[in-house]
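Report on the following structure.
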Amino acid sequence: MTELIKPKMMDYHRHLLICIGDRCCPNGEGQALYDTLSEKFKAAGLNAGDLRVKRSRATCFGTCKSGPLVCVQPDGVWYYDITDEKLDRIIAEHLIGNQPIKEWIYHQH
Ligand code: FES
129 MTELIKPKMM DYHRHLLICI GDRCCPNGEG QALYDTLSEK FKAAGLNAGD
179 LRVKRSRATC FGTCKSGPLV CVQPDGVWYY DITDEKLDRI IAEHLIGNQP
229 IKEWIYHQH
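Mapped onto my numbering, the consecutive letters of the sequence shown carry residue numbers 129 to 237.
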C-alpha cells in the first residue's frame, strides 16, 4: 500500500493562472506566456517574500475566446488577450501596484 504524503506549498500573496488550452490559444500562446513567468517574477521580486505570486497552468477556464487568458486570485480578476508586453504591465500595475488594468478585464468577481 502506498503511503500518503501530504503535499507542501510555500506561502503566497496572489495566485496567477494562465490557460494553456488550445481553444483559447490555438498556437501555444498561453504556454509561451507561462514559460516567461519564472524570470519575470524573479526580476520583479515576486518569486519570494511577502508579495510572492504563485503561478499555475490550467487547461481550460471555460471561457475559450481571445486568449491568452490570465486569472489573478484572490482578486477575482480575469484578463483576456494577454501578450508579453501586457503581462509586464499586469506585473507592475496589478501585482506590485495593486491596480488591476480595467481595459483588459473580461470578468471580475
Ligand atoms: S481552452 Fe482556454 S479557456 Fe478554454
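Where is the CB? At the ideal position from N, CA and C, for every residue including glycine. On a predicted model such as this, the values are computed, not experimentally measured, just so you know.
With DSSP as the reference, label residue i as helix, strand or coil.
i	result
Ile-148	coil
Tyr-162	helix
Gln-233	A quick correction: the sequence has Ile, not Gln, at residue 233. If DSSP states are grouped into helix, strand and coil, Ile-233 belongs with the strands.
Lys-222	Residue identity differs from the one stated: residue 222 is His in this sequence, not Lys. In the structure shown, His-222 sits in a helix (DSSP, three-state: H, G or I).
Arg-142	strand
Lys-134	coil
Lys-168	helix
Lys-214	helix
Decide if residue i is buried, meaning its Cβ has at least 16 other Cβ atoms within 10 Å, or exposed.
i	result
His-222	buried
Pro-132	Looking at the sequence provided, one finds Leu at residue 132 rather than Pro. Result: exposed.
Pro-135	exposed
Lys-168	buried
Pro-196	buried
Tyr-234	exposed
Glu-242	Any answer about residue 242 is impossible in this case: the structure gives the chain only from 129 up to 237.
Could you give the C-beta distance for residue i and residue j, rounded to a whole number, given that I count them as a contact under 8 Å?
i	j	result
Arg-180	Tyr-140	5 Å
Arg-185	Ile-148	5 Å
Lys-193	His-143	The Cβ separation is near 22 Å, so there is no contact.
Asp-209	Pro-228	Contact flag wrong, Cβ pair sits at about 15 Å.
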